[in-house]
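The numbers in my numbering rise by one with no breaks, and the one at position 39 of the sequence shown is 44.
Using N, Cα and C, we set each Cβ at its ideal position, and we do this for glycine too.
Fair warning: this is a prediction, and the values are worked out from it, not measured in the lab.
Here the structure comes first, spelled out in structure tokens, and everything after it is commentary.
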Amino acid sequence: MPSIHLHLMEGYSPDDKTRLMQAVTNAVRFVVPAQPDAITVFLNEVPPDNYARGGTQRRPAPALKDPAKIVMDFLQAMQDRDLEAAQSLLAPSFSMTFPGTGDMKTLAELIAWAKPRYRFVTKTYEGVEAFQQGDHAVVYTRGTLSGEWPDGAAFSGIRFIDRFEVADNLITRQDVWNDIAEIKSST
Numbered sequence: 006m007p008s009i010h011l012h013l014m015e016g017y018s019p020d021d022k023t024r025l026m027q028a029v030t031n032a033v034r035f036v037v038p039a040q041p042d043a044i045t046v047f048l049n050e051v052p053p054d055n056y057a058r059g060g061t062q063r064r065p066a067p068a069l070k071d072p073a074k075i076v077m078d079f080l081q082a083m084q085d086r087d088l089e090a091a092q093s094l095l096a097p098s099f100s101m102t103f104p105g106t107g108d109m110k111t112l113a114e115l116i117a118w119a120k121p122r123y124r125f126v127t128k129t130y131e132g133v134e135a136f137q138q139g140d141h142a143v144v145y146t147r148g149t150l151s152g153e154w155p156d157g158a159a160f161s162g163i164r165f166i167d168r169f170e171v172a173d174n175l176i177t178r179q180d181v182w183n184d185i186a187e188i189k190s191s192t
């Protein structure tokens, strides 16, 4: 039964602490073959006045936002065509690649690329997975696409996977894979 003891400065919200303990539990399960209820996480909070690094008292850094929520907020803003809200979630260095494209840097490029391909697309999500990888979080969304072709004909059930990188609460990269070309060529 793994038992993990964390020491953290006071100042994080209950939701932030819950996310941290869930992430630590998942990290342990990545290596140790234990069920979640066999892993105990103790979070010991320390008042900021009782903490120093390098001889200097510090304050806790603000918690990062949930990267999966950032991605889902972005995707919802794109579906709603709220480009201003979507843009606010992108880093200045953002780039994206869709099937058949090179790197695109702006939402305007994406809209221009998509315009002759379909009128609109909506997504049904079957899963969202997030994990930390080095200095950024990786978020995968997967499910099916529905929408209309340029001629108004409906389509649905097209598989997709989107992979996002999130750093400093902003999306830095999006890579998209889907079966639109295969489905469209068979219609």
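Helix, strand or coil for residue i per DSSP?
{"i": "residue 118", "result": "helix"}
{"i": "residue 111", "result": "coil"}
{"i": "residue 74", "result": "helix"}
{"i": "residue 23", "result": "helix"}
{"i": "residue 85", "result": "coil"}
{"i": "residue 39", "result": "coil"}
{"i": "residue 199", "result": "What the structure shows of the chain is the stretch from 6 to 192, and residue 199 is not part of that stretch, so it cannot be assessed."}
{"i": "residue 31", "result": "helix"}
{"i": "residue 96", "result": "strand"}
{"i": "residue 103", "result": "coil"}
{"i": "residue 90", "result": "helix"}
{"i": "residue 69", "result": "coil"}
{"i": "residue 190", "result": "helix"}
Suppose the cutoff is 8 Å on Cβ atoms and the five residues either side in sequence are ignored; what does the same chain contact list for residue i look like?
{"i": "residue 62", "result": "53, 54 and 56"}
{"i": "residue 51", "result": "12, 13, 14 and 15"}
{"i": "residue 22", "result": "13 and 48"}
Using 10 angstroms around the beta-carbon of residue i, count the other beta-carbons present and answer buried if the total reaches 16, otherwise exposed.
{"i": "residue 72", "result": "buried"}
{"i": "residue 58", "result": "exposed"}
{"i": "residue 167", "result": "buried"}
{"i": "residue 169", "result": "buried"}
{"i": "residue 6", "result": "exposed"}
{"i": "residue 64", "result": "exposed"}
Just list the residues that DSSP pairs residue i with in beta bridges.
{"i": "residue 14", "result": "51"}
{"i": "residue 8", "result": "45"}
{"i": "residue 62", "result": "57"}
{"i": "residue 172", "result": "175"}
{"i": "residue 125", "result": "153"}
{"i": "residue 185", "result": "DSSP, once it has assigned bridges, lists no residue as partnering residue 185."}
{"i": "residue 165", "result": "148 and 183"}
Near residue i, what residues of its chain come up, given a Cβ to Cβ distance below 6 Å and the 5 sequence neighbours on each side ignored?
{"i": "residue 45", "result": "8"}
{"i": "residue 82", "result": "90 and 91"}
Would you verify that the beta carbon of residue i is, or is not, closer than 7 Å to some beta carbon of chain D?
{"i": "residue 148", "result": "The structure shown contains no chain D; it holds only a single protein chain."}
For residue i, which residues in the same chain have their Cβ closer than 7 Å to its Cβ, ignoring the five residues on either side in sequence?
{"i": "residue 183", "result": "104, 150, 163, 164 and 165"}
As an exercise, report each continuous beta strand (DSSP E) stretch of at least 3 residues that is fully enclosed by the region 128-163, in chain order.
141-153
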